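Asks: Structure in structure tokens, see below.
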Amino acid sequence: MILLVSEQPLQKPSDKTTSATLVYQKLRRDILNGTMKPGQKLQIDQVAQRYDSGINPVREALNRLSAERLVDRRDQRGFFVPPLTLKAFRELVQSRCWIEALALEQSILNRTQAWENELITTHYRLDREPVRLAGEDGDNSAWEERHRAFHNALIGNSGSSWITSFCHDMMDHAERYRFASMSGSYPRRDSREEHRAIMEATIDGDIARATERLTSHYRLTLRQLEEQTSAPVPGETEPATAATE
Numbered sequence: 013m014i015l016l017v018s019e020q021p022l023q024k025p026s027d028k029t030t031s032a033t034l035v036y037q038k039l040r041r042d043i044l045n046g047t048m049k050p051g052q053k054l055q056i057d058q059v060a061q062r063y064d065s066g067i068n069p070v071r072e073a074l075n076r077l078s079a080e081r082l083v084d085r086r087d088q089r090g091f092f093v094p095p096l097t098l099k100a101f102r103e104l105v106q107s108r109c110w111i112e113a114l115a116l117e118q119s120i121l122n123r124t125q126a127w128e129n130e131l132i133t134t135h136y137r138l139d140r141e142p143v144r145l146a147g148e149d150g151d152n153s154a155w156e157e158r159h160r161a162f163h164n165a166l167i168g169n170s171g172s173s174w175i176t177s178f179c180h181d182m183m184d185h186a187e188r189y190r191f192a193s194m195s196g197s198y199p200r201r202d203s204r205e206e207h208r209a210i211m212e213a214t215i216d217g218d219i220a221r222a223t224e225r226l227t228s229h230y231r232l233t234l235r236q237l238e239e240q241t242s243a244p245v246p247g248e249t250e251p252a253t254a255a256t257e
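Under my numbering, read the sequence shown as residues 13 to 257, first letter to last.
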């Protein structure tokens, strides 16, 4: 016999929970976009002052971000923004290629008209939004939002919430490298054409071509950073230059 558990009404969040969530959201944003620099120590009292919060909500937010690997917790030393290294980025790119290729394959196999419409729509919106680098007005948030929506749409029909969650986590970490890289010169690539090619192969239902274009898209970013960055020093943050993915 299967027992169904009835849903319980949601409790109103406490002031402490609400405050911790707000700190978490703000600190997470500042880590992803590079406002909090790689390797920077996150002093609890300073973080509390920055976000006009108490000590306990900051601790809760830091622990939550540590669980997401967006904050390093070091014994006896406190909390730090994780460094950016080519070694870590190589591992991240390879993992994204493995898992997102599988997610895209399953999305294509599970294709529906609603999913195809969503993919076409998110690509159109991304294609219409220009990339803005630091040398221009510096606010690239609109492109970032549309870029994330397009990549989420690609894998959003996989049928596995676990895989989707893993992909979202990896996208967050990749975003840190993208923000760091876009502080330099203009990108030497046609990312608009890359996204179009991925979308068209996906809509055509060509799994081999779609997954190859998606993984090549990620590996090109890695190659550019390898070419433009000096040899990595283990454990140290390395400079990153232009890339848009």
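From the three backbone atoms N, C-alpha and C, an ideal C-beta is built for every residue, glycine too. Predicted model only: the values in this text are computed from it and were never measured.
Bridge partners of Phe-101, per DSSP?
Replies: Bridge partners of Phe-101: none, in fact.
Asks: Below 8 Å on the Cβ atoms is my guess for Asp-57 versus Met-48; work out the distance and round it to an integer in Å.
Replies: At roughly 15 Å, the Cβ-Cβ gap does not stay under 8 Å, so Asp-57 and Met-48 are not in contact.
Asks: Between which two residues does the beta strand (DSSP E) holding Asp-139 run?
Replies: It is not in any beta strand (DSSP E) - Asp-139 instead sits in the alpha helix (DSSP H) that spans 125–140.
Asks: So does the segment 185–194 actually touch the segment 126–135, counting three or more Cβ pairs closer than 8 Å?
Replies: Touching, no, given that fewer than three Cβ pairs across the two stretches are closer than 8 Å.
Asks: Taking the alpha-carbon of Cys-109 as reference, which of Leu-82, Arg-235, Thr-233 and Thr-227 has the nearest alpha-carbon?
Replies: Among Leu-82, Arg-235, Thr-233 and Thr-227, the Cα nearest to that of Cys-109 is on Thr-227.
Asks: Answer with buried or exposed for Thr-223, where buried requires no fewer than 16 other C-beta atoms within 10 angstroms of its C-beta.
Replies: With 16 or more other Cβ atoms within 10 Å, it is buried.
Asks: For Gly-46, count neighbouring Cβ atoms within 10 angstroms of its own Cβ and tell me buried if that reaches 16, exposed if not.
Replies: With 16 or more other Cβ atoms within 10 Å, it is buried.
Asks: In terms of residues, what are the limits of the beta strand (DSSP E) holding Asp-57?
Replies: First-last for Asp-57: 56–62, but that is the alpha helix (DSSP H), not the beta strand (DSSP E).
Asks: Identify, in the order they occur along the chain, each residue of the same chain with its Cβ nearer than 6 Å to the Cβ of Trp-155, setting aside the five sequence neighbours on each side.
Replies: These residues qualify, in order along the chain: Glu-141 and Val-143.
Asks: Taking the C-alpha atoms as reference points, what is the distance between Glu-238 and Leu-98?
Replies: One C-alpha to the other measures close to 7 Å.
Asks: Starting from the Cα of Met-37, find the closest Cα among Ile-210, Gln-52 and Ala-73 and give me that residue.
Replies: In the sequence as displayed, the identity of residue 37 is Gln instead of Met. Residue Ala-73 is the option with its Cα nearest to Gln-37.
Asks: Does the Cβ of His-207 have 16 or more other Cβ atoms within 10 Å, making it buried, or fewer, making it exposed?
Replies: So His-207 ends up on the buried side.
Asks: Report the rounded CA-to-CA distance for Leu-39 versus Trp-127, giving the unit in angstroms.
Replies: Their backbone Cα atoms lie some 33 Å apart in a straight line.
Asks: Let me check understanding here. Comparing Cα to Cα, which of Ala-161, Ile-175 and Gln-55 lies closest to Glu-117?
Replies: It is Ile-175 whose Cα lies nearest to the Cα of Glu-117.
Asks: Does the separation of the CB atoms of Ser-31 and Ser-65 fall below 7 Å?
Replies: Yes, the pair counts as a contact, with Cβ atoms nearer than the cut-off.
Asks: How would you label His-180, buried or exposed, when you count the other beta carbons within 10 angstroms and need 16 or more for buried?
Replies: Its Cβ having fewer than 16 others within 10 Å, His-180 is exposed.
Asks: What did DSSP end up calling Asp-218 once you bin it into helix, strand or coil?
Replies: Coil.
Asks: Would you give the residue range spanned by the alpha helix (DSSP H) that Arg-71 belongs to?
Replies: Here the alpha helix (DSSP H) through Arg-71 covers 67–79.
Asks: Residues in the same chain with beta-carbon distance under 7 Å from His-163, minus the five sequence neighbours each way, listed in chain order, please.
Replies: Result list for His-163: Met-183, in chain order.
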